[in-house]
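Undergrad:
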Amino acid sequence: MSFQELLNQAYEEYEMYERYKKQKEMAVEDIAGPKGICYEAVKVSGTKASDLADIVERIESNTAGIAEIINKTLDELQCHRRKAYECLKLAPNTVGKLAVEEHYLKKKPWEEIALEQNYSREHIKKLAYECIRRVEDVMDKDDAK
Numbered sequence: 039m040s041f042q043e044l045l046n047q048a049y050e051e052y053e054m055y056e057r058y059k060k061q062k063e064m065a066v067e068d069i070a071g072p073k074g075i076c077y078e079a080v081k082v083s084g085t086k087a088s089d090l091a092d093i094v095e096r097i098e099s100n101t102a103g104i105a106e107i108i109n110k111t112l113d114e115l116q117c118h119r120r121k122a123y124e125c126l127k128l129a130p131n132t133v134g135k136l137a138v139e140e141h142y143l144k145k146k147p148w149e150e151i152a153l154e155q156n157y158s159r160e161h162i163k164k165l166a167y168e169c170i171r172r173v174e175d176v177m178d179k180d181d182a183k
């Protein structure tokens, strides 16, 4: 896996992690929110307390699967981020290195990085891609040895 592919993988896993977290929050909201609790519905048996217990049980069952996926995704993300940070140690400390770290590993938008560094978006991306190329060149030289 090339350094660029590793960075892309980490970025995509970060997006998936955020998506699953939102999905978990939405599942809780759908079950425990106003739509999920219907006090006006005809009850076959039990009281409102048993209905709340059912709601808690449904929340736990629905979020358990999502939580497992979140944990798996988080483990993969941490593994890829660790590898990417190790590779980034090969690059000199430059604005490009900072941009790579901020964008791919912390999921900060290019525009925000450019604004903080007082560069244009295109120039920041160019510096980042130069840093990626340098890291890949060093990795290729190390593999050739």
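Numbering (our numbering), first residue to last: 39 to 183.
The C-beta atom is built at its ideal place from N, Cα and C for all residues, glycine as well.
#1: With DSSP as the reference, label A87 as helix, strand or coil.
#2: Would you call A87 buried or exposed, if buried means 16 or more other Cβ atoms sit within 10 Å of its Cβ?
#3: Would you mind sorting A91 into buried or exposed? The rule is 16 or more other CB atoms within 10 Å of its CB.
#4: Does the structure place the region 156-172 close enough to the region 129-148 that three or more beta carbon pairs sit under 8 Å?
#5: I'd like the span of the alpha helix (DSSP H) that includes Y167, first residue to last.
#6: Report yes if the CB atom of R172 is closer than 9 Å to the CB atom of L136, and no otherwise.
#7: Where does T132 fall in DSSP's three states?
#8: Determine contact between the region 148-159 and the region 115-122, defined as no fewer than three beta-carbon pairs at a distance below 8 Å.
#9: Around the Cβ of A48, are there at least 16 other Cβ atoms within 10 angstroms (buried) or fewer (exposed)?
#10: Is the separation between the beta-carbon of Y58 and that of I93 shorter than 9 Å?
#11: In the structure shown, what three-state DSSP assignment does S99 receive?
#12: Have a look at E43, S40, E50 and L44 and flag the residue whose alpha-carbon is nearest the alpha-carbon of K145.
#13: What's the C-alpha gap between V66 and A182?
TA: Here's the rundown:
#1: Low per-residue confidence applies at A87: pLDDT is 48, beneath 50, and the placement is therefore not dependable enough to give any value.
#2: Confidence at A87 is low in this model, with a pLDDT of 48, below 50, so the placement of that residue is unreliable and no value is reported for it.
#3: exposed
#4: yes
#5: R159 to A182
#6: no
#7: coil
#8: no
#9: buried
#10: no
#11: helix
#12: E50
#13: 52 Å
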